[in-house]
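Undergrad: Mind the numbering: the sequence shown is residues 35 to 522 in this note's numbering, read in order. Quick one: the structure is below, and I'll ask about it shortly.
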Amino acid sequence: MQHRKVDVAIIGAGTAGLAAYQATKAHTESVALIERGPAGTTCARVGCMPSKLLIAAANAAQHTRHVERFGIDIDGTVRIDGEAVMTRVRSERDYFVGHVLDSMARIPEQDKYRGHARFADANTLVIDDQIRLEAERIIIATGSRPTIPEPFQLAGDRLVTSDTLFEWATLPESVVVFGPGTTGLELAQALARLGVRVRLFGRHGSLGILSDDVVRKEAERIFNEEFYVDTQGDAKIIERDNHQVIVSFTERSTGNTLTERFDYALIATGRQPNIDALDLLNAGLKLDDKGMPSFDRYTMRCRNTDGQLSHIFIAGDVDNESPVLHEATDEGRIAGDNAGRFDSVYSSHRRSPLSIVFSDPQIARIGLSHAELSARYGDKNVAISEYSFDNQGRARVMGINKGFLRLYGEYGSGHFLGAEICMPQGEHIAHLLAWAHQQRMSVTQMLSMPYYHPTLEEGLRTALRDLSTRLLLDAALVEQCMECGPGA
Ligand SMILES: Cc1cc2nc3c(=O)[nH]c(=O)nc-3n(C[C@H](O)[C@H](O)[C@H](O)COP(=O)(O)OP(=O)(O)OC[C@H]3O[C@@H](n4cnc5c(N)ncnc54)[C@H](O)[C@@H]3O)c2cc1C
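Structure (structure tokens):
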């Protein structure tokens, strides 16, 4: 076995690992970046980019289907060439992966290690049983992978996840999707829009990233106008027959038990951090009952079993906190900077929470989610306004008038606290709201900003006006009640 020594070792050359590498190099030349492959990052290879490419094709088809309402005759039905759709997805995906590989090629060879790394002790990694790498500081940036619960294994080679779906040569006739979270919802709707027969099933009522029941119910209603979504179903795969899976489920509208055949089962029931094959117990880190290291989100530094701060850092999806790209980049940069400058470790600024689901209407969560709000403020201490896009001017003009949002504001300060939205082109308003949240703007300050006419933002303004009124009126009521004394 070869022996090597470095200042900093980074396990995983994904988004977080590459950001960590760049930040570390500003402090020391002695860095090892270890990747077991395939390289190219989850985002570019099997995540953000190929999923958005499939969605782009799906939305183009959907838009074309609806142009007749504007008086445009498309002369017949939309014909989808599944092979051409998947070819574009893969060739554009390869373009994005190529960019990542090009930037990795610029990393000096002596810094790059290929193989699976695991801890031999707190300062030693073993790579593929070939190299013993001693490192003064170590960054864990190993990402996550799809989970496949045992009952779905019945689908055999008809089972796909987001790791394998983009390799399809063409579009199948039918797909059952399990898991209505971000990935399941985005891909189910895209496939349905591309002419695939789709049913989407969940178990516990959740949809996308929504924790606000009012928005969630409205979203489920809207998506059901387009394809079958049951977030609280009892669907299960009962058999694999020839080249199909057979699924039984209770149909929501009739209560009848149905069995249906599908070409594929897409399992999108969640992802698990790549922490289990690292021999973490040898690293002396404090782990919770799920084997996850305890860490500080402002320094990305882990803690040892004795409670002392460790020289080991963690970043990206592997920490299971905010599994989105911009957070993985930030965490990688923070971990890399601190591991590089060790042991003067700095706390870094973290951005306001922002997550987006690229469904249509788009779903987004900004600032405090409704669930976090309830935990922090209780049920009564925040003002909530809501707004429907069903008759919003610009949305009607464009024929995309479906959607709903809820905004949350704090009594006293009048601060905007957060929002959950399911609205047309919601990614843009989600950004405006996230920027306002990070600036700790009050609802009054947000209302003093310019709103052009006619835009979707005017719908947001109406919701903010309502929130502003509620903050004043409800706060007055709370004060009155307080004056009424206990028990009033
Ligand atoms: C279908 C899908 C769609 C998505 N869409 C979006 C989106 O639209 N917007 C968004 O913001 N986010 C999206 N995401 C999330 C985003 O892709 C992730 O947050 C981001 O890629 C995480 O980066 P990472 O560096 O933590 O992990 P990765 O990029 O997965 O990097 C981890 C690396 O570690 C390597 N590795 C693991 N274990 C070891 C080991 N023991 N030794 C050596 N190497 C190891 C792996 O091979 C991998 O290359 C999506 C994800 C998926 C799956």
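Don't be surprised by glycine CBs; every beta carbon is placed ideally from N, CA and C. All figures in this text were calculated on a predicted structure; none of them were measured in a lab.
(1) Return helix, strand or coil for Val134, following the three-state DSSP convention.
(2) Using the three-state DSSP reduction, which class does Phe162 fall into: helix, strand or coil?
(3) Looking at Arg351 and ligand 1, is the gap between the Cβ and the nearest heavy atom below 7 Å?
(4) Can you find at least 3 beta carbon pairs, one from the region 64 to 75 and one from the region 124 to 135, that sit closer than 8 Å?
(5) Is Pro357 near ligand 1, with its Cβ less than 7 Å from a heavy atom?
(6) Can you tell me where the beta strand (DSSP E) with Thr291 in it begins and where it stops?
(7) Excluding sequence positions up to five away, which residues of its chain have a Cβ less than 8 Å from the Cβ of Leu292?
(8) Quick check on Leu67: does DSSP put it in helix, strand or coil?
(9) Alpha carbon to alpha carbon, how far is Ile106 from Ala349? Give it in angstroms, no decimals.
(10) With DSSP as the reference, label Gly519 as helix, strand or coil.
(11) Run the CB neighbour count on Pro357, radius 10 Å, all protein chains shown included, and call it buried at 16 or more, exposed below.
(12) If you follow the beta strand (DSSP E) that Asp323 is part of, which residue opens it and which one closes it?
(13) Return the Cβ separation of Asp191 and Asn316 in integer angstroms, given the expectation that the two are a contact with Cβ distance under 8 Å.
(14) Buried or exposed for His404, going by 16 or more other Cβ atoms inside 10 Å?
(15) With hydrogens ignored, establish whether the beta-carbon of Cys77 is closer than 7 Å to any heavy atom of ligand 1.
(16) Taking C-alpha atoms, which residue in Met483, Ala54, Arg495 and Ser378 lies nearest to Ile368?
(17) So, Leu241 versus Glu254, is the Cβ gap smaller than 8 Å?
(18) With hydrogens ignored, establish whether the beta-carbon of Phe212 is closer than 7 Å to any heavy atom of ligand 1.
(19) Any heavy atom of ligand 1 closer than 7 Å to the CB of Glu406?
(20) State buried or exposed for Leu524, treating a residue as buried only when at least 16 other CB atoms are found within 10 Å of its CB.
(21) Quick one: Cα of Thr181 to Cα of Val160, how far?
(22) Could you pull out every unbroken beta strand (DSSP E) segment of at least 3 residues lying fully inside the region 365 to 410, listed in chain order?
(23) Expressed to the nearest angstrom, what Euclidean distance is found between the alpha-carbon atoms of Val279 and Arg305?
(24) Please state whether the Cβ-Cβ distance between Val210 and Arg227 is less than 8 Å.
(25) In whole angstroms, give me the CA-to-CA distance for Gly433 and Ile256.
(26) Could you give the first and the last residue of the continuous beta strand (DSSP E) run that contains Met475?
(27) Using the C-alpha atoms, what's the distance from Ile418 back to Ala429?
(28) Output the distance between the C-alpha atoms of Arg384 and His465, rounded to the nearest integer angstrom.
(29) Helix, strand or coil, according to DSSP, for Pro84 in the structure here?
(30) Ligand 1 and Glu201: does the residue's C-beta get closer than 7 Å to at least one heavy atom of that ligand?
TA: Answer, in terms of the structure:
(1) Locating residue 134 in the sequence shown gives position 100, where the first residue counts as 1. Three-state result, Val134: helix.
(2) Residue numbering aside, residue 162 sits at position 128 when the sequence shown is read from its first letter. Residue 162 is actually Asp in this sequence, not Phe. For Asp162, the three-state secondary structure derived from DSSP is coil.
(3) Here residue 351 refers to the residue found at position 317 when the sequence shown is read from its first residue. The sequence given here places Asp at residue 351; Arg does not occur at that position. For ligand 1, at least one heavy atom lies less than 7 Å from the Cβ of Asp351.
(4) With the rule of 3 Cβ pairs closer than 8 Å, the region 64 to 75 counts as touching the region 124 to 135.
(5) On the sequence shown, residue 357 is found 323 positions in, with the first residue counted as 1. Yes, Cβ of Pro357 sits closer than 7 Å to a heavy atom of ligand 1.
(6) Looking up residue 291 in the sequence shown gives position 257. According to the DSSP assignment, Thr291 belongs to the beta strand (DSSP E) that extends over Thr291 to Phe296.
(7) Counting from one through the sequence shown, the residue named residue 292 turns up at place 258. For Leu292, the CB contacts under 8 Å within the same chain, skipping 5 residues up- and downstream, are Ser282, Phe283, Thr284 and Glu285 in chain order.
(8) Residue mapping note: residue 67 aligns to position 33 of the sequence shown, counting from 1. In this structure, Leu67 counts as strand in the three-state DSSP scheme.
(9) Within the sequence shown, numbered from 1, the residue matching residue 349 stands at position 315. Within the sequence shown, numbered from 1, the residue matching residue 106 stands at position 72. One Cα belongs to Ala349, the other to Ile106, and the distance between them is close to 50 Å.
(10) In the sequence shown, counting from the first residue as 1, residue 519 sits at position 485. Because the pLDDT of Gly519 is 40, which lies under 50, any placement of that residue in the model is unreliable, and the question is left without a value.
(11) Numbered from 1 along the sequence shown, position 323 holds the residue referred to as residue 357. Around the beta carbon of Pro357, 16 or more other beta carbons lie within 10 angstroms, which makes this residue buried.
(12) For the purposes of this step, residue 323 is taken as residue 289 along the sequence shown, with counting starting at 1. Counting along the chain, Asp323 sits inside no beta strand (DSSP E), nor does DSSP assign it H or E at all.
(13) The sequence position of residue 191 within the sequence shown is 157, counting from 1. The sequence position of residue 316 within the sequence shown is 282, counting from 1. Rounded, the Cβ-Cβ distance is 36 Å, inconsistent with contact.
(14) Numbered from 1 along the sequence shown, position 370 holds the residue referred to as residue 404. In summary, His404 is buried, with 16 or more beta-carbon neighbours lying within 10 Å of its beta-carbon over all protein chains present.
(15) Numbered from 1 along the sequence shown, position 43 holds the residue referred to as residue 77. Because some heavy atom of ligand 1 lies under 7 Å away, the Cβ of Cys77 counts as near it: yes.
(16) As a first step, residue 368 is located in the sequence shown; it is residue number 334 there, counting from the start. Nearest C-alpha to Ile368: Ala54.
(17) For the purposes of this step, residue 241 is taken as the residue at position 207 of the sequence shown. For the purposes of this step, residue 254 is taken as the residue at position 220 of the sequence shown. Taking 8 Å as the cut-off, the Cβ atoms of Leu241 and Glu254 count as close.
(18) Taking the sequence shown and counting its residues from 1, the one referred to as residue 212 is at position 178. Checking every heavy atom of ligand 1 against the Cβ of Phe212, none is found closer than 7 Å.
(19) Locating residue 406 in the sequence shown gives position 372, counting from the first residue. False, no ligand heavy atom lies under 7 Å from that Cβ.
(20) Not covered by the structure: residue 524. The range shown for the chain is 35 to 522.
(21) Along the sequence shown, one-based indexing puts residue 181 at 147. Along the sequence shown, one-based indexing puts residue 160 at 126. Near 26 Å, if we compare the C-alpha coordinates of Val160 and Thr181.
(22) Those beta strand (DSSP E) runs which fall completely within the region 365 to 410 and span 3+ residues are 388 to 391 and 396 to 401.
(23) Position 245 of the sequence shown, counted from the start, is the residue given in the question as residue 279. Position 271 of the sequence shown, counted from the start, is the residue given in the question as residue 305. Each residue's Cα considered, the two are about 23 Å apart.
(24) Here the question's residue 210 lines up with position 176 in the sequence shown. Here the question's residue 227 lines up with position 193 in the sequence shown. No. Outside cutoff.
(25) Here residue 433 corresponds to residue number 399 of the sequence shown, with the count starting at 1. Here residue 256 corresponds to residue number 222 of the sequence shown, with the count starting at 1. In a straight line, the C-alpha of Gly433 is about 14 Å away from that of Ile256.
(26) Stepping through the sequence shown from its first residue, residue 475 is reached at position 441. Counting along the chain, Met475 falls outside any beta strand (DSSP E), and DSSP gives it neither H nor E.
(27) Position 395 of the sequence shown, counting from 1, holds the residue named residue 429. Position 384 of the sequence shown, counting from 1, holds the residue named residue 418. Approximately 23 Å between the Cα atoms of the pair.
(28) Sequence index remark: in the sequence shown, residue 384 carries index 350 (1-based). Sequence index remark: in the sequence shown, residue 465 carries index 431 (1-based). For the pair Arg384 and His465, the Cα-to-Cα distance works out to about 16 Å.
(29) On the sequence shown, residue 84 is found 50 positions in, with the first residue counted as 1. Helix.
(30) Taking the first residue of the sequence shown as position 1, residue 201 is located at position 167. Within the chosen limit of 7 Å, ligand 1 does not reach the beta carbon of Glu201 with any heavy atom.
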